[in-house]
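**Student:** Following this message is one structure expressed as structure tokens.
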Amino acid sequence: WVAKYERDPDAEAPAGSASASINDVARYLRLQLDEGRFDGKAVIDADALAVTHMPHMIPSLPRTQTSRTGFYGLGWNVRYGELGQVAIGHSGAFYLGAATNINLLLGEGLGIAALTNAAPIGVAEAITNDFLDIVRNGAPTVDWLGFYGMVFQSMRDAEAAEFDYGPAPSGARHPGPPADYVGTYENGYYGPVVIAAEGDGLAMTLGPADAPTTRALMPYDGDTFTFETFGENAVGPTGAAFSRDPSGAVSELILEYYDRNGLGTFRHAAKN
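In this note's numbering, the protein residues as written are 221 to 492.
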């Protein structure tokens, strides 16, 4: 087996990555469980560390009468058991080759970490929760691999392209002249997108000026084009739909891939 893709996490690492061996992580768990001490030496103030283990927000409300509220601390998911036992944990993952999970039972002084070099499919979470289930109940009470498999599959399904841009539909309309679409389109969240003529077609450039990304826009149906998504979260071809104002001039561009939260509308700079 040979990895087909390579990824460089340097750009995102400062926001939430750690370069560590399993031995490093095990020492980190010991530090957390011993209230900031390691091998008897105080490394982190115990009171300050305890604050990170406390709930600070509610990311998920109970979905059934028997489920519990999920809390979030400072970098930890915080859960409470039937008898008030405090458990903290967190997962981390990249689609191209890393899936990890840490779980700690603070009152019991017990923790487990699972680090894998595979895509996030629930294996790391299943290992740690299986272990804690055995500790608490003597045997697994849930098919954790099946459960987390469904959870991660639903996440992948949510990231999938909303529309299958296969062959253009029969009777597809021709796009307008390239000059209709050329220009800069502004977006307060993602920044500008530049549409430029390239040969007989169009190219779209986005991203920081010192490291831009350019994608060809392929005609699909009228003012709707497609482009190939990129990066480890790519979903294949996705839509780039231009819209026109009452005069017939192109005024907006909606990039479907960036519009999951309603933030994917780019307005023609000349029309703002």
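Ideal Cβ placement from N, Cα and C applies to all residues, glycine included. Since the model is a prediction, treat every value here as computed from it, not as a measurement.
Assuming Ala436 contacts Phe447 under a Cβ cut-off of 8 Å, what Cβ separation, rounded to an integer in Å, is found between them?
**Tutor:** 7 Å
**Student:** Between the alpha carbons of Leu483 and Ile278, how many angstroms are there, rounded?
**Tutor:** 24 Å
**Student:** For Pro395, is the classification buried or exposed, using 16 other Cβ atoms within 10 angstroms of its Cβ as the cut-off for buried?
**Tutor:** Classified as buried, Pro395 has 16 or more neighbouring CB atoms from the shown chains inside 10 Å of its CB.
**Student:** For Gly468, would you say it is in contact with chain B, using Cβ-to-Cβ distances shorter than 8 Å as the test?
**Tutor:** Protein chains in the displayed structure number just one, and chain B is not present.
**Student:** The beta strand (DSSP E) that contains Glu418, what's its start and end?
**Tutor:** 413 to 418
**Student:** Is it right to say Asn481 is buried, meaning 16 or more other beta carbons lie within 10 angstroms of its own, or is it exposed?
**Tutor:** Exposed.
**Student:** Keeping to the same chain, check which residues put their C-beta closer than 7 Å to that of Ala334; ignore five residues upstream and five downstream.
**Tutor:** Thr320, Asn321, Ala344, Ile347, Thr348
**Student:** Do Pro398 and Gly421 have their CB atoms nearer than 8 Å?
**Tutor:** yes
**Student:** Over the uninterrupted beta strand (DSSP E) stretch that includes Asp363, give me the two end residues.
**Tutor:** It is not in any beta strand (DSSP E) - Asp363 carries neither H nor E in the DSSP assignment.
**Student:** For Tyr410 and Gly427, what's the separation of their Cα atoms in angstroms?
**Tutor:** 8 Å
**Student:** Does the separation of the CB atoms of Thr449 and Gly459 fall below 8 Å?
**Tutor:** no
**Student:** Nearest-angstrom Cα distance between Leu294 and Ala429?
**Tutor:** 34 Å
**Student:** With DSSP collapsed to three states, give me the class of Ser390.
**Tutor:** coil
**Student:** If you run the structure through DSSP and keep just helix, strand and coil, what is Phe367?
**Tutor:** Looking at Phe367 - three-state DSSP - the assignment turns out to be helix.
**Student:** Hey, would you say Gly403 sits closer than 8 Å to Ala313, going by beta carbons?
**Tutor:** no
**Student:** Where DSSP assigns a beta bridge to Lys261, which residues make up the other side?
**Tutor:** Its beta-bridge partners are Phe258.
**Student:** Count the other C-beta atoms from every protein chain shown that fall within 10 angstroms of the C-beta of Gln373, then say buried if there are 16 or more, exposed otherwise.
**Tutor:** exposed
**Student:** Just how far apart, CA to CA, sit Ala378 and Asp254?
**Tutor:** 39 Å
**Student:** Within 10 Å of its beta-carbon, does Val222 have 16 or more other beta-carbons around it, so buried, or fewer, so exposed?
**Tutor:** Flag for Val222 reads exposed.
**Student:** What does the Cβ neighbour count give for Gly309, buried or exposed, with the cut at 16 atoms within 10 Å?
**Tutor:** buried
**Student:** Per DSSP, what kind of secondary structure is Leu437 in: helix, strand or coil?
**Tutor:** Judged by DSSP in its simplified three-state form, Leu437 adopts strand.
**Student:** Hey, how far is the Cα of Glu472 from the Cα of Gly419?
**Tutor:** Distance between the alpha carbons of Glu472 and Gly419 is about 23 Å.
**Student:** DSSP state of Glu476, grouped into three classes?
**Tutor:** helix
**Student:** Using a Cβ-Cβ cut-off of 7 Å (strictly less than) and excluding sequence neighbours within five positions of Glu452, which residues of its own chain qualify?
**Tutor:** Arg227, Phe314, Tyr315, Leu316
**Student:** If you run the structure through DSSP and keep just helix, strand and coil, what is Glu382?
**Tutor:** coil
**Student:** Can you give the Cα-Cα distance for Ser287 and Glu232, rounded to whole angstroms?
**Tutor:** When the Cα atoms are used, Ser287 and Glu232 turn out to be separated by approximately 34 Å.
**Student:** Which of helix, strand or coil does DSSP assign to Thr320?
**Tutor:** strand
**Student:** Cα-Cα, which of Tyr225, Leu249, Leu326, Asp353 is closest to Val298?
**Tutor:** Leu326
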